[in-house]
Amino acid sequence: MKTRITELFGIKYPIVQGGMHYVGLAELAAAVSNAGGLGIITALTQPTPDHLAREIEKAQKLTDKPLGVNLTFLPVVNQPDYPGYVKTIIDSGIRIVETAGNNPGKWVEMLKAGGVKVIHKCTTIRHSLKAQSLGVDALSVDGFECGGHPGEDDIPNFILLARAQEELKVPFIASGGMADGRSLVAAMALGADGVNMGTRFIATREAPVHENVKKAILAASETDTRLIMRPLRNTERVLRNAAVDRLLEKEKALGANIRFEDIAAEVAGVYPRIMKDGDMDAGAWSCGMVAGLIHDIPTVQELIDRIISQARDIIKGRLTAFADS
Ligand SMILES: Cc1cc2nc3c(=O)[nH]c(=O)nc-3n(C[C@H](O)[C@H](O)[C@H](O)COP(=O)(O)O)c2cc1C
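And the structure:
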């Protein structure tokens with residue numbers, strides 16, 4: 257299945273695993289790359305650039321296929337050592353980086369100078385055009401459905417992807433709500449050259465997270481996510497739980513006066529307790545509406561093979577019959 261994205265990144269299938277805090281570790285990234293997609297290690301889960309170097313090395317021992325690293329620029333309490341992470345990425349031989357969050361301008365320049373291809377993930381056409389003008393090689397267009405940070409404009413993928421096709425020159429992939437062959441075909445119909453998946457990859461055998469996380473995704477329906485931190489203009493889509501209900505109560509009570517410190521207990525440093533320990537009410541964690549479409553825990557290879565064969569069946573069956581009728 258050749259697209260501009262498979263050609264750009266040298267991968268077999270146009271399926272990317274988006275960066276995920278405490279999920280995008282060597283085991284998952286290597287499994288996705290070995291299955292023909294593009295696996296991505298999440299830089300900021302590693303406390304220092306040295307730790308990242310070791311995680312990359314671990315993944316490179318597990319696969320000889322292309323691998324990427326995610327670098328996220330979000331408002332965080334302590335600024336990470338971004339120059340150090342960028343240097344480590346380049347020195348480790350990584351040639352694909354997914355940037356996300358704030359304007360990646362300065363970092364795109366450094367990465368490109370190091371021979372790295374950059375795919376920038378963002379949630380609006382405005383930001384996509386800006387990133388394109390900065391010289392990124394591709395975009396990951398993240399619709400309102402997505403797990404994590406959907407931005408503040410709330411444009412779902414049916415509109416966002418079609419608008420991306422109207423405006424963008426560089427190839428783009430569809431992110432948010434992607435689960436199966438139907439999603440892949442729909443994304444391609446809307447102009448994308450592939451898909452980016454987050455939540456779907458957590459419910460796989462290789463995802464290095466506690467079983468409770470996978471079970472929570474299986475148990476969730478499409479109505480079980482909530483948007484938090486909107487008053488702070490740092491909106492995040494998370495799975496509803498006791499901590500999220502408590503946080504939303506505080507948002508309601510404090511209104512526009514809310515500060516990050518008011519909700520720190522529910523969001524700061526909670527990921528290891530959830531992803532490693534399986535303490536599912538420890539805090540808020542990103543999850544997409546696509547949870548409603550996730551009903552099993554296959555291996556990454558089974559998942560990717562199934563997506564590709566379902567996509568081919570839809571194109572050759574239902575869509576061809578429709579075109580020929
Ligand atoms: C648990 C979790 C953690 C995430 N962490 C990050 C992150 O650190 N950086 C980032 O750019 N995106 C992050 N994302 C977003 C994903 O990379 C991807 O864009 C998103 O999950 C796509 O939507 P989907 O979940 O509907 O597939 C995270 C998503 C999830 C579910």
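Residue numbers (the working numbering): 257 to 581.
Positions of the beta carbon are idealized from the N, C-alpha and C atoms, including for glycine.
Checklist entry - Any idea if PHE578 is buried or exposed, counting beta-carbon neighbours within 10 angstroms, 16 or more meaning buried? => result exposed
Checklist entry - Could you give the residue range of the alpha helix (DSSP H) that holds GLY340? => result 338-347
Item to check | In chain order, each alpha helix (DSSP H) run of at least 4 residues that lies wholly inside the segment 370-433 | outcome: 381-390, 413-423
Item to check | Residues surrounding ligand 1 [beta-carbon distance to nearest heavy atom under 6 Å] | outcome: GLY274, GLY275, MET276, HIS277, VAL279, THR298, ASN326, THR328, ALA356, LYS377, ASP398, GLU401, CYS402, GLY403, GLY404, SER431, GLY432, GLY433, MET434, ASN452, MET453, GLY454, THR455, ARG456, TRP541, SER542, CYS543, GLY544, VAL546
Next on the checklist: Which residue marks the beginning of the beta strand (DSSP E) containing GLU492, and which one marks its end?
Outcome noted: 492-495
Item to check | Distance, ARG529 Cα to VAL494 Cα | outcome: 15 Å
Checklist entry - Nearest to ASP501 by CA position, among ARG515, ILE519, ASN513, ILE514, is which residue? => result ILE519
Next on the checklist: Comparing C-alpha positions only, which one of THR298, VAL374, LYS572, GLY437 sits nearest to SER389?
Outcome noted: VAL374
Checklist entry - What is the residue span of the alpha helix (DSSP H) that THR236 lies within? => result Because the chain in this structure spans residues 257 to 581, residue 236 falls outside the shown range and cannot be described.
Checklist entry - Thinking just about the alpha-carbon of each residue, which of HIS307, CYS378, LEU395 is nearest to the one in GLU401? => result CYS378
Next on the checklist: Among THR344, THR380, VAL465, GLY447, whose alpha-carbon lies nearest the alpha-carbon of THR455?
Outcome noted: VAL465
Item to check | Given LEU367 as reference, the closest of SER542, GLY293, PHE414, GLY324 once Cα atoms are compared | outcome: GLY324
Checklist entry - By Cβ distance, which residues of its chain are closer than 7 Å to LEU416, with the 5 residues on each side in sequence left out? => result VAL397, GLY399
Next on the checklist: For ILE484 and ASN452, which I take to be in contact (beta-carbon distance under 8 Å), what is that distance rounded to the nearest angstrom?
Outcome noted: About 22 Å separates the two Cβ atoms, so there is no contact after all.
Item to check | Residue range of the unbroken beta strand (DSSP E) whose run includes GLY324 | outcome: 323-329
Item to check | Residue environment, ASN513, which counts as buried when at least 16 other CB atoms sit within 10 Å | outcome: exposed
Checklist entry - Under the rule that 16 or more other beta-carbon atoms within 10 Å means buried, what is ALA459, buried or exposed? => result buried
Item to check | Buried or exposed (CB count within 10 angstroms, at least 16 for buried), LEU503 | outcome: buried
Item to check | Exposed unless 16 or more other CB atoms sit within 10 angstroms - verdict on VAL332 | outcome: exposed
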